[in-house]
Amino acid sequence: MINDFFNILLPQGCLTIFILLQLLIGMFASPKFHKYARFISLIGISLSILLLSTVQTEPQYFAFKNSIMSDSYTQLFHFVILLCGFFITLLTKKLTNTFKQSSYTFNALLLTAILGALSIVSANDFLTLFISIELMAFPTYFLIASAKGYHSKEAAFKYLITSAVSTGVFLFGVSYLYGITSSLNFTEIYEVLSEGEPTLIYSFASVMIVFGLISKLSIYPFANWVIDVYKGTETSVLAFLSTIPKLAMFGILCRLLVFPLSLGLELPFIIAIISLITAIWANTYAIREKDAKVILACSTSANMSYVLLVSALVSVYNLSTVIFYLLCYVVMNIAVFAFLNITEYEDIGFNVANFKGLFHKNHSLGLAYTISVIGLAGFPITSGFVAKIYLFSAIVNSGLVFIPFLLALLILMVVALFYYLKLILPMFEKATVDTKVLKALYSQKFVLIITTAITVLIGAYPEKIIELCRFVAYNI
Amino acid sequence: MTEITLYHYLFVGLFVFVLGFAGSIVCKNIIKVLICIEFMLTGVNINFATFAKYCGGSSADGFVMILFYTAIGAIELAVALYIFYFMHCKKQSDNIEKYGEL
Amino acid sequence: MYNEIIFYSASFLILLFGVLTLVSWNIFYSLISAIIVFFTTSIFFWLLGSEYNAVIQLAIYGFAIPIILGLGIMFTNLKKDRPVKFGFSNSKYGLILVCGIFILAMIYIVLISLLSVPEIFSTQIIFDEFINPHSNFMVFSKGIFSNYVWAFELISLILTITVAGLTIIKRVGRRAK
Amino acid sequence: MDILISIPFLVFFPMLASFFIMSPLFTNNEISIRRFSKSIFGFIFLYTIFLLVMFDTANPFISKISFFGLDWIQALGVQFSFKIDGIGMILVLLTSFIFFISAISSKMNIRKNHKFYYSMLLLLMSAILGIFTASDMFVFFMFWELELIPAYFLIGGDFSLETNTEAKKSAIKFVLFTFLGSMVMLLGILLLHYYSYMTSQTLTANFSEIFTERIPVIIKLIISACFIIGFGVKLPIIPLHTWLPDAHTNAPTPISMVLAGIMLKTGAYGIFRFNYQIMNDVFQIFAPVLAIFALVNIIYTAFVAYAQTDIKRIVAYSSISNMGLILLGLCAFNQIGLNASVFHMTAHGLVTAGLFMICGIVYLRCKTRDINTLGGIASNMPRLFGLATLIVLASIGVPAFAPFISEVLTVISAMFSNLGIVLKVSAIVALPLLIISSCYMLKFLHCGFMGEKQEAFAKINDITTHEFIVLASVVAGLLLFGIFPSALLGMIG
């Protein structure tokens, strides 16, 4: 058991130690030092990124009687999650300044959520998966509720109710799967099931499991939370909410779809249909909206539905496109929220009309934001363009049946372009006297510029990253 | 009376689950919504216990799952009530429609 | 024979009070009905041979949860005793219909799978052969401390972090006032 | 040194210059920005002439400048490859020339945000050069989409002294229409790529290596339809044309020149590249249908243009009409038709750039574009009137100017096409229509310039030397190709 720990759990153990450290320091440290809480988190995350190199990936390693595992797939997701965590921790400075003493607690919560995401990706049985989902969810409630005012509480409550219901649905499906196979372990379930014909109750259970998992991805049956929650949440927390849970959920969903849930024939079609419904809903909802947060909520929902559609059509090639799209999407999203984080604390607000003329006063920040939004819309020189082509080529490869889906998605991309344009166009209008020169912190500028640079670099030369994704997809 | 089989238990679990699911969507009273979420949990737990007994093999993972889910459900309820309390300080109502500011 | 009587009466109680919880006008009545449902569930666990779970269910859902919920109701519901309207709004009848269809479909699916793969749901494995009440506790400890040790650690972390999280909301709430 | 004499240098040099101008390193001084970017455009023009000299017409695929490859997305077999053939060479030359003159004429029209304007103009040039030289479908598509961003900002941007709210709306309309088209085109590209891979087992997206013979006919029809819709938005084919008049009217004058002169040609070029070359067997099925659409283009817009009162709109509609002629040439599906089509692209590019320039000059002097209030300015502006007369005559199709040759060639090609009766009929119908189409251009000249002298326009000045050089070079180009058509036709091969 100790061997197990040292072979694959060192990064997560490191994070755990830093969580406890934060809590302890929070109890005893003098209030003046609250500014340094961020740095403890940053050190913890960087250390666990370093410790990722100690994890055994070749061949796959199963620890604690197959309950958790590691391979290059999990390692890639761990790396991306930790990187996002690093950027998000940098963004939280303005928020943590508002609650001085508690900033240790806040950072501990953020680290716990990241730890939960890591555990989700590496889980190899349903019990560990369930606990990890909850481990990620509980700190998220508090992170959402930690901002000032009433709205954050309401957002947290809605998020809690939705995820509690979806957990119930998820576990209901798991209970039937457990009944059929008398095991909770992915590997054993797959072995047992692949011997016989899939039954109706198996399909039912897998549909329930997927429905339970996709609520965090804001896909249709549980999608309505996304707008309310995004409205009420502070932007740095939102940068967390729109990236890390998505990464973690897709990390595990792809594994489930490849192994234990891959045997039913109905599941891909059901997922494809609900993701198409979500895409239509999200894209049409955003047309009338003027709030930048709501538009981004819809964009999240829409992007996730495209990815889900592809990940439902299981193949190795599709898996690599899914991973690549997720990587690109996450980086661009953090850049957008970094910019919104700057504007939020400059009292500009989230109505897109308030962004008027910002570009003319803040060239570099405005340009970085514009590039990221254009990337989300899927224009060239950004990684979004390559990701879009690569993702949609996967749908074509899956057969003629899905061509109508692809056509629908492509037309929805045009609708999406309309609302993405709404996000950036006011910036290029004539500057008025009121237009502010944004005072950004170094950390915010750093995040914005680094993420934009990554976006452009991947867009210019995606070959290495795609190769990595293909390698990972082959090794799942 | 016939012998009690797996299916009897499963139907009860299913019924409680669906009751909780429907209630959590339909109910207007927030406390009631929370109770309904606990009902969903109960239904799932009955399912797990049934399966652990009738086709669980020797490991009885289902019972462990019940234990964990019970704990998680209790914590969830406490957190939900706590956040609800803060919301209530502002609104003074327990009707879910009053909380639609966002 | 006793098992059957206990089962049918308990399930009747669960169904009755489950419905009562949803439809009762007063929130206190629905809480009491819910407590009864939770109690009877522990009887189910006992019937299924897991006394440990039954006790946990009794302790948490029989006593702790009702107290929390009762306190919550008293805190939030103290000032006004106006009756809340009947629990369902008119537009939700469709949803109830869907739920009914869902139940029927589930029953159908379960029965179909009984026909197609009888050996999976066979009741041949008799519970008492390998789990007797005495060894029940051993099963738990084996599960928690060998298979799911990482999950168990994570649960303890959840508890810790929840307490910390509660403090963070409280402080912000105080400052907001 | 090799990299300096290559197409990627041609394509990416404007892009790098654009980033350089955009960057905070570059000065904010208006004059130095203008001079710098003008010199860049001039350099690119000279560079394309240099490429033309290097270009080996006999075997374009061997010469050193014509090919360049680098793996871009290996999973899709996408190479970052460029290639110039004769048609590409002509269009590249036209592009660099029109961008050069539009940059020169920007001096009078652009009053604000110079840094942004010139960097976007350079980026647009880069994208369009990329479209004309890309030899890989996905690279082509990349430049096709890249073009939208600068085009949006140039049409809807805030560059003149008075604000124009219509411009933003029409820019959004332009972007959404074109994006819709490009999305449908993406579907076609993906399908073509996938089926080419399935039938030949070679993973490539190169134009010359795409293998279409064994693809089922139905799939081919779907793919071709996707391409026609995608390029038809840009061309524009009639039901998809509504973005064009607005965008062209509301854009600043230099941008209208670029839009009508070059951007519309990218649509025709796309149809040539994808439908005419790659999917050529299915194109024979589509060609008669497209010929009907082309006829509708010519007829409908000729009448609509005659009804317009805004001089810029007249020119905008006339360019739709001319694009119909180009499409008709392609539909003839023979060598003469192709020659005529490419020749007309060049000729019309020059003509329409000149016409938009004239509209801009008139608007700048008279502050109005309404044909009813204009008039009587000919005597004040003799030089402009002279040049305008020449260009309008050219656009009507008077012999000795380039459009005459292409129009005649188009009609001949349609007549001798072996794709059935439809094309022959359309040739017969198109011939008198060309005369009708001259009506609106004469109306433009007559009502705009001649007539009684007006008090309001008494004090306006004639064109400056700057403008004179631009317009004169356009006329010179038209005359050159009109008298020596073989200079162009020889390159098409």
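Chains as they are written, first to last, in my numbering: chain L, 1 to 476; chain W, 1 to 102; chain X, 1 to 177; chain C, 1 to 493.
Note that beta-carbon positions come from the ideal geometry of N, C-alpha and C, so glycine has one too.
Computed from a prediction, not measured in an experiment: that's the story for all the values here.
- Beta bridge pairing from DSSP links residue 74/C with no other residue.
- Contact with chain X is found for residue 139/L, since one of that chain's Cβ atoms lies less than 9 Å from the residue's Cβ.
- At a C-beta separation below 8 Å, residue 29/W has no neighbours in chain L, since its nearest C-beta there lies roughly 13 Å away.
- Scanning 479/C, 472/C, 243/C, 269/C for the CA closest to the CA of residue 347/C turns up 479/C.
- When DSSP states are grouped into helix, strand and coil, residue 148/L belongs to the coil group.
- Between residue 414/L and residue 180/C a beta carbon distance of about 5 Å is seen, short of the 8 Å cut, so the two are scored as contacting.
- Residue 50/X has a beta carbon lying at 9 Å or more from every beta carbon in chain L.
- Residue 18/C sits close to residue 120/C, with the two beta carbons spaced by under 9 Å.
- Shown here for residue 317/L: same chain residues with a beta carbon closer than 7 Å to its own, the five before and five after excluded, namely 394, 397 in chain order.
- The beta-carbon of residue 360/L is placed less than 9 Å from the nearest beta-carbon of chain C.
- Collapsing the DSSP output to three states places residue 57/X in a helix.
- Sequence-distant Cβ neighbours of residue 94/L in its own chain, meaning closer than 6 Å and more than five residues away, are 345.
- In this structure, residue 378/C sits away from residue 330/C, with a CB-CB distance that is not shorter than 9 Å.
- Below the 7 Å Cβ cutoff, chain L contributes 134 as neighbours of residue 72/W, in chain order.
- Proximity of chain X to residue 131/L at the Cβ level (cut-off 9 Å) is accounted for by 148, 150, 151, 152, 154, 155, 158, in chain order.
- Distance between residue 290/L and residue 353/L, taken at the CA atoms: about 8 Å.
- Sequence-distant Cβ neighbours of residue 188/C in its own chain, meaning closer than 6 Å and more than five residues away, are 223, 226, 227.
- Counting every other CB atom within 10 Å of its CB across the protein chains shown gives residue 357/L a total of 16 or more, marking it as buried.
- Identification of residues in the segment 140 to 152 of chain L having a C-beta nearer than 9 Å to some C-beta of chain X yields 141, 142, 143, 145, 146, 147, 148, 149, 150, 152, given in sequence order.
- When Cβ pairs closer than 8 Å are counted between the two stretches, the segment 399 to 410 of chain C is seen not to touch the segment 254 to 273 of chain C, the count staying below three.
- Taken atom to atom, the span from the alpha-carbon of residue 17/W to that of residue 252/L is near 25 Å.
- In the three-state reduction of the DSSP assignment, residue 277/C falls in the helix class, which pools H, G and I.
- For residue 293/L, the three-state secondary structure derived from DSSP is helix.
- Interface flag for residue 90/W against chain L is set, since a Cβ pair is found closer than 9 Å.
- If you draw a straight line from the Cα of residue 483/C to the Cα of residue 281/L, it comes to about 60 Å.
- Excluding sequence positions up to five before and after residue 53/X, its CB lies within less than 7 Å of the CB of 45, all in the same chain and listed in chain order.
- Taking a cut-off of 8 Å for Cβ pairs, the segment 285 to 297 of chain C and the segment 421 to 439 of chain C touch, as three or more such pairs fall below it.
- Listed along chain C are 145, 146, 148, 149, each with a C-beta nearer than 8 Å to that of residue 379/L.
- Using a Cβ distance threshold of 9 Å, residue 52/L and residue 82/L count as a contacting pair.
- Going by C-alpha positions, residue 231/L is about 33 Å away from residue 313/L.
- Against chain W, a Cβ distance below 7 Å from residue 156/L picks out 83.
- For residue 263/C, there is no enclosing beta strand (DSSP E), as DSSP gives it neither H nor E.
- As computed with DSSP, residue 69/L is found in a beta bridge with 62/L.
- Among the residues facing chain L, residue 72/C is included, as its CB has a counterpart in that chain under 9 Å away.
- Residue 310/C carries a strand assignment under DSSP once its states are collapsed to helix, strand and coil.
- Within chain L, no C-beta atom comes less than 8 Å from the C-beta of residue 161/C; the nearest is roughly 11 Å away.
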